[in-house]
Structure formats: structure tokens, C-alpha cells
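*Asks:* Residue numbers (this note's numbering): 4 to 266.
Ideal placement from N, C-alpha and C gives every residue a C-beta, glycine not left out.
Keep in mind it's a predicted model, so treat the numbers as computed, not measured.
Below is the structure I would like to discuss, written out as C-alpha cells.
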Ligand SMILES: [Zn+2]
């Protein structure tokens, strides 16, 4: 079985047919889902979905760097985390991180200093609650590593939707973190050149659905049922069997997010 470690089933893109999307993923062998929050509402929905699908959907709670201009405080996340009933449903902090990609001439998520503050606060939250952290990083690896190195210790975690180079991969490996690979591995030449260098021991599969639909379904909404296409492409690039990628990444996901096997 597969685990989709980053899927936005909490987004309104799935309001009309969420149950069918989950059912079709299960038929394709994708049986557990990590659903991260990006803002207040999507965190609430992620926890709600996890409570509705125990052992199948697991929530992460966090604020995306795009939220940084609103300068949110973390009290709502604390409230969710301190509710004892949520303990088995919230398995990570995230997604959080840094996104410096230019959009219409401005840094995508607003000022860099606000992004860094919000990110550092959530890294500390992860350490305080002994939870892994799901990190988003776009064109900001230097500052991401600096934020992690500024902590008393490096939290457990994953750099999701990995887009860095070989040097970034080495630093992530030294820090004991995982990388998440998405459907863009089926069409990105840059990713195709990096993936052969990623050890299976640090690899996670994710769709980031509804975004990043893999070949041959580009142009349509992405769904977690496409996880096997990502595994097949990674296996091809690494010259190994798809089954090995499936087993290794499922084991990694269980280890990082402390998931039980009885899905
Ligand atoms: Zn992201």
C-alpha cells in the first residue's frame, strides 16, 4: 500500500466528491493520507476530516508562508494541539516554510522577515510538541537551513515538494530530514536529474493534489489515486522496482508521522 504524505483533501476543490476521491485512491492502493493546513480554515477542516476518517486521514496544522503578511499568531494551532482528543489525529506541524518566488514583481508570500518569523515560530512549536514538521521551500533553501540551524535541535521533518539542487539535498540528508517528491517528477527535467541521487531512506511520496498533476493527466485536477504514477517514475529514474519504492516510502511515512499499520 501507498501513503500520500501531502494532499489537500481539505481544499474546496474536493467539496463535491471528496468521498469518491478517497474511495478511488484506496482502489489504487493509496490507503492513508496526510492532510496539511495552510491557514486557519484549512487547519480546522484537516482536523475535522481526520476525526471523520480515523486511521485513514491524518492532519497537520500550520500556516503557509503566504499567510505571513497577515502576521498570524499561533494561538489557534495551540488550541488544536492542546485538545487531548486531537492527539491521535494531528501528526505534524505544517505546512510552513519560506517561499521567495516572485509573483507579479513581488515576493510571493510578502516580506521575507515576516515569513522567517512565522516559520521559526512553527519550528519551535514542532519541537515543543515533539511533532515532525512539513516544510514548504521555494527559492529559499539558504534561509530555510539557517532557520533550522538556529534551533536548539533539528526537528524531525520533511521538505515537501522538493525543488532544490544536489547541494540542498546533501544538507537535508545531513539534517536527517526527508524529501517529498510529487507528480512534477513526470515532466520536470530538473527533478529527473536529482531523483537518482535521493536515497530511498529519505524519500516520501506525495501528490500535493489538487496541484501538480502527473503525466498523462496534466491539465486536470490532481488526485491521490495518482501516487503510483509518481512511484513508477521514481523507480524508472533510479533503476529499481516500483514495489521497492512503494515499500520503502510507506515505511518512511509510518516512521516520520508515527502511523499505525492497521489502515
Ligand atoms: Zn507547499
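Considering only the beta carbon of each residue, do residue 103 and residue 62 sit closer than 7 Å?
*Replies:* No, they are not a contact pair.
*Asks:* Among the residues of its own chain, which have a CB less than 7 Å from the CB of residue 174, if the five just before and after it don't count?
*Replies:* Within the same chain, residue 174 has close Cβ partners 148.
*Asks:* Could you check which residue in 74, 138 and 84 has the C-alpha nearest to that of residue 116?
*Replies:* Answer by Cα proximity: 74.
*Asks:* Where does residue 35 land, buried or exposed, given buried means 16+ other C-beta within 10 angstroms?
*Replies:* Buried, since its Cβ has 16 or more Cβ neighbours within 10 Å.
*Asks:* Comparing alpha-carbon positions, which option in 164, 257 and 179 lies nearest residue 198?
*Replies:* The shortest C-alpha separation from residue 198 is found at 164.
*Asks:* Would the segment 246-260 count as touching the segment 206-222 if we require 3 or more Cβ pairs under 8 Å?
*Replies:* Because the criterion of three Cβ pairs below 8 Å is met, the segment 246-260 and the segment 206-222 touch.
*Asks:* Please go through the same chain and pick out, in chain order, the residues whose beta-carbon is closer than 8 Å to the beta-carbon of residue 262, but skip the five residues on each side of it.
*Replies:* 6, 35, 61, 94 and 256, listed in sequence order.
*Asks:* Check each candidate in 50, 100 and 106 and name the one with the smallest Cα separation from residue 79.
*Replies:* Nearest C-alpha to residue 79: 50.
*Asks:* Listed by chain order, which residues have C-beta atoms less than 6 Å from any heavy atom of ligand 1?
*Replies:* Qualifying residues, in the order they occur: 98, 139, 163 and 164.
*Asks:* By how many angstroms is the C-alpha of residue 92 removed from the C-alpha of residue 55?
*Replies:* If you take the alpha carbons of residue 55 and residue 92, they lie about 10 Å apart.
*Asks:* Would the beta-carbon of residue 46 fall within 7 Å of that of residue 101?
*Replies:* No, the pair does not count as a contact, with Cβ atoms beyond the cut-off.
*Asks:* How would you write the range of the alpha helix (DSSP H) that residue 56 sits in, first residue to last?
*Replies:* Unbroken run through residue 56: none, as it is neither H nor E.
*Asks:* Is DSSP giving residue 145 helix, strand or coil here?
*Replies:* Residue 145 falls in the helix class under three-state DSSP.
*Asks:* For residue 98, which option in 146, 223, 8 and 230 has the closest C-alpha, if you only look at C-alpha atoms?
*Replies:* Nearest of 146, 223, 8 and 230 to residue 98, Cα basis: 8.
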